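Asks: Below are the structure tokens for one structure; questions will follow.
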Amino acid sequence: MAKKILIVDDEAGIRLLLKEILKQDGHHICQAKTGKEALDKMTAAPFDLLIIDYHIPILDGVAVLQQLQEKGIHLPCIFMTGMFEMLVDELEEMDFVTGIIAKPFHVHELLKLVRGTLCETKS
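Quick note, the sequence shown lines up with residues 103 to 225 if you use this note's numbering.
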């Protein structure tokens with residue numbers, strides 16, 4: 103069953119790559135390039151999964167997740183970061199972070215994480 107996934111990254115190439123891979127896997131994809139744009143999209147419509155970079159403009163990825171939690175919006179989240187070593191402990195403590203992947207990542211590794219996360223969240 104197709105899931106609705108929001109990809110948030112300020113790098114157009116990463117957004118395009120993930121969009122193509124996840125569309126081929128049968129999902130509906132929306133994109134945002136800033137934290138504010140991501141919040142606007144998530145408050146306007148529900149998503150099944152959020153894939154978000156830590157370092158994005160306006161609001162970083164952690165601030166976006168904190169605001170979602172304050173608004174009562176809960177959804178599984180995969181965090182992408184180039185600062186994996188520095189952030190892994192902080193991110194693992196956040197309830198809504200279901201996966202963390204270091205940039206640069208292998209496409210197959212991310213796809214496996216997405217599939218595993220979506221399988222875990224089936225009702």
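C-beta atoms are modelled at their ideal positions from N, C-alpha and C, and glycine is treated no differently.
Keep in mind the model is a prediction, meaning the values are calculated, not measured.
(1) Counting only runs that start and end within the stretch 116-192, where is the beta strand (DSSP E) found for 3 or more residues in a row?
(2) On the criterion of 16 or more Cβ atoms from any shown chain inside 10 Å, does A147 qualify as buried, or is it exposed?
(3) P178: buried (16+ other C-beta within 10 angstroms of its C-beta) or exposed?
(4) Could you tell me which residues DSSP puts in a beta bridge with K105?
(5) Give me the Cα-Cα distance between K138 and E113, rounded to the nearest whole angstrom.
(6) Sorted by chain position, which residues of the same chain lie with C-beta nearer than 6 Å to L120's C-beta, five sequence neighbours on each side aside?
(7) Considering Cα atoms alone, identify which of D142, I107, M103 and D127 is closest to H210.
(8) Bridge partners of A204, per DSSP?
(9) Just how far apart, CA to CA, sit I160 and A104?
(10) Here's a check: name, in chain order, each residue in its chain whose Cβ is nearer than 7 Å to the Cβ of A134, leaving out the five neighbours to either side.
(11) So, under 8 Å CB-CB, V199 and F181 are touching, yes? Tell me the CB distance rounded to an integer number of Å.
(12) Relative to the C-alpha of R217, which residue among L118, H129 and R117 is closest?
(13) Determine the direct distance from the alpha carbon of I202 to that of I154, and round the result to whole angstroms.
Replies: With the given structure in hand:
(1) 130-134, 151-155 and 179-183
(2) exposed
(3) buried
(4) Per DSSP, none; premise fails for K105.
(5) 15 Å
(6) I109
(7) D127
(8) T183
(9) 30 Å
(10) L108, V110, A140 and K143
(11) 5 Å
(12) H129
(13) 10 Å
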